[in-house]
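Numbering (the working numbering), first residue to last: 435 to 722.
Glycine is no exception: its CB is placed at the ideal position from the N, C-alpha and C atoms.
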């Protein structure tokens with residue numbers, strides 16, 4: 435009997451190991467636009483990374499989201515967060531690398547420069563992912579909901595991200611009625627989405643190309659999404675709530691960077707589609 439139990443235990447261990455080896459992990463490293471949120475107080479805020487799992491069959495693909503609010507490509511390394519991810523990577527796992535929003539900030543503990551320190555950090559993530567048997571997937575930053583007139587004198591395309599404090603937006607309260615950012619041009623034909631990332635959205639593509647890594651243009655994907663929805667419709671993706679509209683936000687909220695649950699699901703779905711196009715092997719694990 436003891437021998438039979440021992441054999442059964444060995445078989446169970448082998449089967450368990452085989453099943454575990456079949457599971458591929460998609461790690462996410464990045465900032466608040468992708469990060470896991472504290473839901474204990476009922477906040478509707480979500481990072482797109484929180485919704486990505488629903489687009490993949492969890493029997494074969496597991497999403498492990500390590501993105502954290504306020505982190506840049508620099509601070510994520512300096513705080514030891516990258517080392518923790520490296521320790522978890524198995525051969526064949528994927529690592530989605532998405533930074534930019536906070537690299538733009540002036541604080542020395544977060545700031546990097548495209549073309550130098552920002553590129554260096556992205557290259558390090560790619561190189562070290564490969565050294566651990568993983569497959570790097572570089573994404574650039576998602577857009578902010580930043581609407582304005584296409585008048586060149588108003589600085590269209592100027593990288594103004596350094597002047598936007600994404601974290602402070604969580605403390606903004608709404609006024610009633612809500613007005614779109616960029617003024618009172620709601621519903622006008624000239625309203626266009628203005629870039630706030632500048633070269634921080636370009637550098638990830640360049641680094642990925644130089645290092646022959648997978649690249650997903652999250653900036654273009656989310657730009658096209660927001661532009662298609664327009665000034666009013668794009669509010670539905672973000673933390674825009676009238677006073678009293680949501681129990682967790684009695685004073686309302688007016689935040690053009692962070693997603694609500696609906697926005698996170700929509701963005702995650704589009705990024706999942708893009709991942710499957712970039713990496714056809716993932717298509718067979720795409721949840722229907």
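What is the residue span of the alpha helix (DSSP H) that residue 661 lies within?
-> Stepping through the chain shown from its first residue, residue 661 is reached at position 227. DSSP places residue 661 in the uninterrupted alpha helix (DSSP H) bounded by 652-667.
Name the two residues that bound the continuous beta strand (DSSP E) containing residue 541.
-> Start at 1 with the first residue of the chain shown, and residue 541 comes out as number 107. Premise fails: residue 541 is in no beta strand (DSSP E) and is neither H nor E.
Per DSSP, what kind of secondary structure is residue 639 in: helix, strand or coil?
-> Counting from one through the chain shown, the residue named residue 639 turns up at place 205. Correct three-state label for residue 639: helix.
Pick from 598, 500 and 466 that is closest to residue 521, judged by C-alpha positions | Counted from its first residue, the chain shown places residue 521 at position 87. Looking at 598, 500 and 466, the one whose alpha-carbon comes closest to that of residue 521 is 500.
Please go through the same chain and pick out, in chain order, the residues whose beta-carbon is closer than 8 Å to the beta-carbon of residue 640, but skip the five residues on each side of it.
-> As a first step, residue 640 must be located in the chain shown, where it is residue number 206. Taken in chain order, the residues that qualify are 553.
Taking residue 676 as the reference, give the member of 636, 685 and 644 with the closest Cα.
-> The count along the chain shown starts at 1 and reaches residue 676 at position 242. Restricting attention to 636, 685 and 644, the CA atom closest to the CA of residue 676 is found in 685.
Quick one: give me the first and last residue of the beta strand (DSSP E) that residue 689 is part of.
-> Looking up residue 689 in the chain shown gives position 255. Boundaries of the beta strand (DSSP E) around residue 689: 687-694.
Can you grab the Cα-Cα spacing for the pair residue 695 / residue 492, in whole Å?
-> Residue 695 sits at position 261 when you count from the first residue of the chain shown. Residue 492 sits at position 58 when you count from the first residue of the chain shown. Rounded to the nearest angstrom, the two C-alpha atoms are 20 Å apart.
For residue 706, which residues from the same chain have a beta carbon less than 8 Å from its beta carbon, with the 5 sequence-adjacent residues on both sides left out?
-> Translated into the one-based positions of the chain shown, residue 706 becomes position 272. Around residue 706: 486, 489, 490 and 720.
For residue 718, which option in 495, 658 and 536 has the closest C-alpha, if you only look at C-alpha atoms?
-> Counting from 1 along the chain shown, the entry for residue 718 is found at position 284. Comparing Cα positions, the closest option is 495.
Can you tell me whether residue 627 is buried or exposed, with buried defined as 16 or more other CB within 10 angstroms of its CB?
-> The residue labelled residue 627 in the question sits at position 193 within the chain shown. The residue in question, residue 627, is buried, as its Cβ has 16 or more Cβ neighbours within 10 Å.
Reducing DSSP to helix, strand and coil, say where residue 499 ends up.
-> Position 65 of the chain shown holds residue 499. Here DSSP, grouped into helix, strand and coil, assigns residue 499 to strand.
Per DSSP, cross-strand counterpart(s) of residue 680 | Here the question's residue 680 lines up with position 246 in the chain shown. Answer is 683, bridged to residue 680.
Three-state secondary structure assigned by DSSP to residue 570 = For this step, residue 570 is matched to residue 136 along the chain shown. For residue 570, the secondary structure class from DSSP, reduced to helix, strand or coil, is strand.
Excluding the five sequence neighbours on either side, which residues of its own chain have a C-beta within less than 6 Å of the C-beta of residue 559, listed in chain order?
-> To locate residue 559, count along the chain shown from 1; it is residue 125. Within the same chain, residue 559 has close Cβ partners 531.
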